[in-house]
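Data first, discussion second: the structure below is written as structure tokens.
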Amino acid sequence: MGRNRIAALVATAIAASAVIVTQLPVANATADEQIYVVSEAFTFDEPTGDANVTTAAKATADTSCSDATYALKTWKVGSLTWLYNSAGVPSNIAGTALNTITASTNTVAKGANRCGQAALTTSTYTYGGTTTLKPQVSSNGTCTGNDGKSVTGWGALPTKVLAYTCTFYNARGVVVASDTLIDNVAYTWFTTKPANCTGQQYDLETTLTHERLHTAGLGHVDQAKNAAQTMTPASSPCDTSRRLLGAGDYAGLKALAGK
Ligand SMILES: [Zn+2]
């Protein structure tokens, strides 16, 4: 499969929030260590023009801990070391972004959830420090290669895409690297929710928890039916309700641990 074909498939994935698995030849992979790449985008909800109604509707139908729906991908994390490239971090969160990304990573590592369920210990995520290496994600929302390093950083992404993760895993289904690019052009981020949050401002912690769940091996659930889970394909402005895992997100991690 040629690179142009891969690019076309990924473009389809963004539009449909679908899942694409393609085989990407890697020069130094041996036959039993073929590397696969999967890309996932976290998009934003279209503003409804009536935020109060949306908020009220969610409050009366909170299924955080009653909905155990999840979707598994074909990979899982054993031990993963991740790096942070601060180039391009928005100035308003320059001092807090790394702590927030670390918090999200730890949420996924431990299965920290909204439902009082026990911590998980089956995967290990280690922060390996800062780097000048760039996440291998293009501004078009394509995966551009695998240097074997898992880098989280900042850059331009396609319209409506808050963040984009490319995950590489081997023939045994174990993640070897996972890069996350966070938009630093179109959207305003916060790490502490502003007192009067309005407009296109998004919660970094929720977004990174979502992206790390992709790295961990979870796919998307239904935007409407599973609205309280962190793994819906889209996020709403100012929403911080899904920083920790819902029952479905947690059940998904437990299922991955049992694979
Ligand atoms: Zn996603």
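Numbering (mature numbering (1 follows the signal peptide of the UniProt record, and there is no 0)), first residue to last: -31 to -1, 1 to 228. Even for Gly, the Cβ is constructed at its ideal location relative to N, Cα and C.
*For Ala56, the nearest candidate out of Thr161, Leu102, Gly186 and Thr160 (CA to CA)*: Leu102
_Close beta carbons around Asn54, own chain, < 8 Å, minus the five adjacent residues each side_ = Thr99, Thr100, Thr101, Leu102, Lys103, Pro104, Val120, Thr121, Gly122 and Trp123
*Status (buried if at least 16 other CB within 10 Å, exposed otherwise) for Tyr133*: buried
_Helix, strand or coil at Ile4 [DSSP, three-state]_ = When DSSP states are grouped into helix, strand and coil, Ile4 belongs to the coil group.
_Residue from Gly142, Val143, Cys135 and Leu89 with nearest C-alpha to Leu150_ = Cys135
*asked:* At 4 residues or longer, what runs of the alpha helix (DSSP H) sit wholly inside the segment 138 to 206?
replied: 173 to 185
_N-terminal and C-terminal residue of the beta strand (DSSP E) that Tyr94 is part of_ = Thr93 to Thr99
*Inspect the CB distances between the segment 174 to 191 and the segment 68 to 75 and report whether three or more fall short of 8 Å.*
yes
*First through last residue of the alpha helix (DSSP H) which encompasses Leu52*: From DSSP, Leu52 is part of no alpha helix (DSSP H) but of the beta strand (DSSP E) over Ser48 to Tyr53.
*Could you name the residues that DSSP lists as bridge partners for Val106?*
Cys112
*Taking the alpha-carbon positions, what's the Thr128 to Phe11 distance?*
11 Å
_Secondary structure of Tyr219, DSSP reduced to three states_ = Here Tyr219 sits in helix by DSSP.
_Going by beta-carbon coordinates alone, are Ala87 and Lys79 separated by less than 7 Å?_
no
_Beta carbon nearer than 5 Å to a non-hydrogen atom of ligand 1_ = Glu9 and Phe11
*Identity of the residues DSSP links to Lys45 by a beta bridge*: Val143
*Residues of its chain near Asp218, where Cβ-Cβ distance is below 8 Å and the 5 sequence neighbours each way are ignored*: Tyr39, Asn82, Leu182, Leu187, Gln198, Thr199 and Met200
*Apart from the five residues just before and just after Cys84, which ones in its own chain have a Cβ nearer than 6 Å to its Cβ?*
Same-chain partners within the cutoff: Cys34 and Ala216.
*Return helix, strand or coil for Thr71, following the three-state DSSP convention.*
In the three-state scheme derived from DSSP, where H, G and I count as helix and E and B as strand, Thr71 is classed as helix.
*Name the residue from Ser147, Thr176 and Ala146 whose alpha carbon lies nearest to the alpha carbon of Ala157.*
Sequence inspection shows Thr at residue 157; the Ala mentioned does not correspond to that position. Of the candidates Ser147, Thr176 and Ala146, the one whose C-alpha sits nearest the C-alpha of Thr157 is Thr176.
*Where does Gly110 land, buried or exposed, given buried means 16+ other C-beta within 10 angstroms?*
buried
*The beta strand (DSSP E) enclosing Thr121, as first and last residue numbers*: Ser119 to Gly124
*Taking all protein chains shown into account, decide if Asp36 is buried (16 or more other Cβ within 10 angstroms of its Cβ) or exposed.*
buried
*By a C-beta neighbour count over all protein chains shown, 10 Å radius and 16 as the cutoff for buried, is Gly64 buried or exposed?*
exposed
*Expressed to the nearest angstrom, what Euclidean distance is found between the alpha-carbon atoms of Lys42 and Thr160?*
29 Å
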